[in-house]
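Residue numbers (the numbering used here): 45 to 176.
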């Protein structure tokens with residue numbers, strides 16, 4: 045996998061340029077509104093981060109704090125996508141961007157990401173970026 049290093053700012057834009065990185069204190073899945081099916085929702089059932097390229101060494105969710113661009117409130121927070129019992133009910137921020145991720149106290153190496161869109165066909169993303 046190749047990852048993009050960006051500052052955690054919401055005003056990021058789509059770019060084909062990137063810097064190859066191996067570790068960071070924060071990682072997120074990012075998509076602009078035009079890469080979501082509905083344009084107003086992105087629902088994710090589960091996100092898993094791994095420190096191995098074969099996706100066998102899972103990074104424990106207890107090591108970080110989940111964050112997002114916005115959510116439907118209640119039980120739809122970012123924490124739900126990182127081992128919660130429900131689903132992240134993602135909402136775009138003021139710049140029409142969606143993101144969800146995890147911040148850590150120290151750097152972690154991320155080499156594999158698995159994520160599962162929720163079962164609703166109209167609430168997925170067609171293209172995402174992984175950002176550090």
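Every residue gets a Cβ at the ideal spot worked out from N, C-alpha and C, and that includes glycine.
None of these values were measured; they are calculated from a predicted model.
Residue i (DSSP reduced to helix, strand or coil)
i: residue 154; result: coil
i: residue 162; result: coil
i: residue 177; result: For residue 177 there is no data in the structure shown, the boundaries of the chain being 45 and 176.
i: residue 131; result: coil
i: residue 123; result: helix
i: residue 81; result: coil
Which residues DSSP lists as bridging residue i, in chain order
i: residue 73; result: 144, 174
i: residue 68; result: 152
i: residue 112; result: 144
i: residue 100; result: Looking at the DSSP assignment, residue 100 forms no beta bridge with any residue, so it has no partner.
Residue i, enclosing beta strand (DSSP E) - first and last residue
i: residue 86; result: 86-94
Nonlocal neighbours in the same chain, by C-beta distance under 7 Å from residue i, ignoring five residues either side
i: residue 145; result: 70, 71, 72, 73, 111
i: residue 66; result: 153
i: residue 122; result: 110, 111, 112, 115, 132, 144
Proximity below 7 Å, CB of residue i to CB of residue j
i: residue 143; j: residue 113; result: yes
i: residue 64; j: residue 160; result: no
i: residue 80; j: residue 169; result: yes
i: residue 133; j: residue 116; result: yes
i: residue 178; j: residue 158; result: Nothing about residue 178 can be reported from this structure: the residues present for the chain run from 45 to 176 only.
Nonlocal neighbours in the same chain, by C-beta distance under 6 Å from residue i, ignoring five residues either side
i: residue 109; result: 147
i: residue 167; result: 82, 85, 87
i: residue 75; result: 142, 169, 172
i: residue 77; result: 83, 136, 140
Sequence-distant residues of its chain with Cβ nearer than 8 Å to residue i (five each side left out)
i: residue 131; result: 87, 88, 89, 120, 124, 125, 162
i: residue 150; result: 69
i: residue 106; result: none
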